[in-house]
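Numbering follows the working numbering, in which position 186 of the sequence shown is assigned residue number 186; successive positions increment by one, without gaps.
We put the CB at the ideal spot given by N, CA and C, even for glycine.
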Amino acid sequence: MKLEEAIRKYELLRKQREKELEELKDHYLKRVTEIIREILEALDELERKEPPKDVDPHLLSIALRERNAYVSALRRILGGINSLEELERRLGEISKLHVGHGRYLIALFKKDVYRVNRLLKELSEVYTEYTLKLREISLPDLKIVGIKREMDELRGRISQTERELKALVEYSKGLGSEKTSEKGELEPLEEKENELQVRIRTLQTEIRSKASKLQKPLKRMRIPEASPFLEDTSYSLRYPEEFLELLKMVYPSLDGKSKKSADWLIKNLPSKIEEINTLKEQLETVRREIESAKSASRRSEELALEVRRKISELEEELKKLRSHYRSIEGELAGEIKVLERILGERVERG
1 MKLEEAIRKY
11 ELLRKQREKE
21 LEELKDHYLK
31 RVTEIIREIL
41 EALDELERKE
51 PPKDVDPHLL
61 SIALRERNAY
71 VSALRRILGG
81 INSLEELERR
91 LGEISKLHVG
101 HGRYLIALFK
111 KDVYRVNRLL
121 KELSEVYTEY
131 TLKLREISLP
141 DLKIVGIKRE
151 MDELRGRISQ
161 TERELKALVE
171 YSKGLGSEKT
181 SEKGELEPLE
191 EKENELQVRI
201 RTLQTEIRSK
211 ASKLQKPLKR
221 MRIPEASPFL
231 EDTSYSLRYP
241 EEFLELLKMV
251 YPSLDGKSKK
261 SADWLIKNLP
271 SKIEEINTLK
281 EQLETVRREI
291 ESAKSASRRS
301 EELALEVRRK
311 ISELEEELKK
321 LRSHYRSIEG
331 ELAGEIKVLE
341 RILGERVERG
């Protein structure tokens, strides 16, 4: 039998059993009400009954107090019973009262007390009989429909999470490709930066090498204008115009070798400085491009970390969803077994 058909059969049977349960409850409530009426009548008779004569006054006083307490307690308990559920709650009190009433009461009113006890026992037996029949007729409250609905919802969530996870994994792969591409862009820029730095240092070294050959002759001349250069040959790089003016001023006083260095500087320093400045501008541009590429790489790395974190979260969520699905799938299997026992047929989950 298909599960859907089995559920329909179960619902029809449950409605039928509910009707039977109502009839059962009405039947036993009438019986209980009748027994309680008989007990109350017996209590009235017990209360009115005259005690035997020639009883010790002290014992009689105790027995009458016990009778009053017994009758009052039973009336209070029985008077609050208007349903089988209330009877169930009161049975414990009745049992305690039944075994706890005084021995003097029984000694003087044995027949009446035994009559009440017999009716109380009958009341308890009727309730026991009711509970047995109740268990026979009652059906377990199956949760198959609710479980199936939850499983459908879980399947949807699992499917959605799987799609999100797949999309993120693909996106993560794309980020990896971008990172490789960014690295490929960065490497030639760094190579270019290194080339420019080497070229600039080479030109600067060449100029300072030529200029350093003029330090001794200029030092011998003791010219105040030469002091900055004598302290540091990089003066020729930082202040090329002033340095050229200095060379032109001392040129007539230079000897052969010194003049040769001065000639080279006078001829080449302007173009070399211009080339250095151009190279520095290029270097600055390359460095900005490198910083931009590194910044983009950092952003890509941060994004990649965030994506990996989200992937881990989704994987964990998917693991929990699948575990929960297996758990309620087991619950459904258990419920179906109960349904099979109720209907007496094999049920296909379908």
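Beta-carbon gap between residue i and residue j smaller than 8 Å
i, j, result
"leucine 269", "isoleucine 207", "yes"
"leucine 175", "serine 300", "yes"
"leucine 203", "valine 286", "no"
"alanine 73", "leucine 343", "no"
"leucine 29", "isoleucine 158", "no"
"tyrosine 10", "leucine 339", "yes"
"leucine 244", "phenylalanine 229", "no"
"glutamate 329", "leucine 3", "no"
"leucine 84", "lysine 25", "yes"
"leucine 265", "leucine 279", "no"
"proline 240", "isoleucine 200", "no"
"leucine 332", "lysine 133", "no"
"glutamate 88", "glycine 80", "no"
"leucine 119", "alanine 42", "yes"
"leucine 91", "serine 124", "yes"
"lysine 213", "serine 261", "yes"
"alanine 293", "leucine 189", "yes"
"aspartate 112", "glutamate 45", "yes"
"valine 126", "isoleucine 36", "no"
"glutamate 66", "leucine 105", "yes"
"valine 71", "glutamate 93", "no"
"serine 172", "arginine 308", "yes"
Residue i in three-state terms, based on DSSP
i, result
"lysine 2", "strand"
"glutamate 41", "helix"
"glutamate 348", "strand"
"leucine 139", "coil"
"leucine 132", "helix"
"leucine 237", "helix"
"glutamate 187", "helix"
"glutamate 50", "coil"
"leucine 214", "coil"
"serine 83", "coil"
"aspartate 112", "helix"
"aspartate 232", "coil"
Range of the contiguous alpha helix (DSSP H) that encloses residue i
i, result
"alanine 226", "Alanine 226 -> no alpha helix (DSSP H), and no H or E assigned at all."
"glycine 330", "256-343"
"proline 57", "57-79"
"leucine 108", "103-108"
Cut-off 6 Å between Cβ atoms - residues of its own chain near residue i, not counting five sequence neighbours on either side
i, result
"valine 145", "none"
"isoleucine 311", "Leu168"
"glutamate 225", "Leu246"
"tyrosine 130", "Tyr28"
"glutamate 345", "Met1"
8 Å CB neighbourhood of residue i in its chain, flanking five on each side removed
i, result
"leucine 60", "Pro51, Leu108"
"threonine 161", "Leu314, Glu317, Leu318, Leu321"
Contacts around residue i, its chain only, beta-carbon distance under 7 Å, and the 5 residues preceding and following it disregarded
i, result
"lysine 192", "Val286"
"threonine 154", "Inspection of the sequence shows that residue 154 is occupied by leucine rather than by threonine. For leucine 154, where only same-chain residues beyond five positions count, the Cβ hits under 7 Å are Leu321, His324, Tyr325."
"tyrosine 235", "Pro228, Phe229, Phe243"
"proline 140", "Val338"
"isoleucine 276", "Ile200, Leu203, Gln204"
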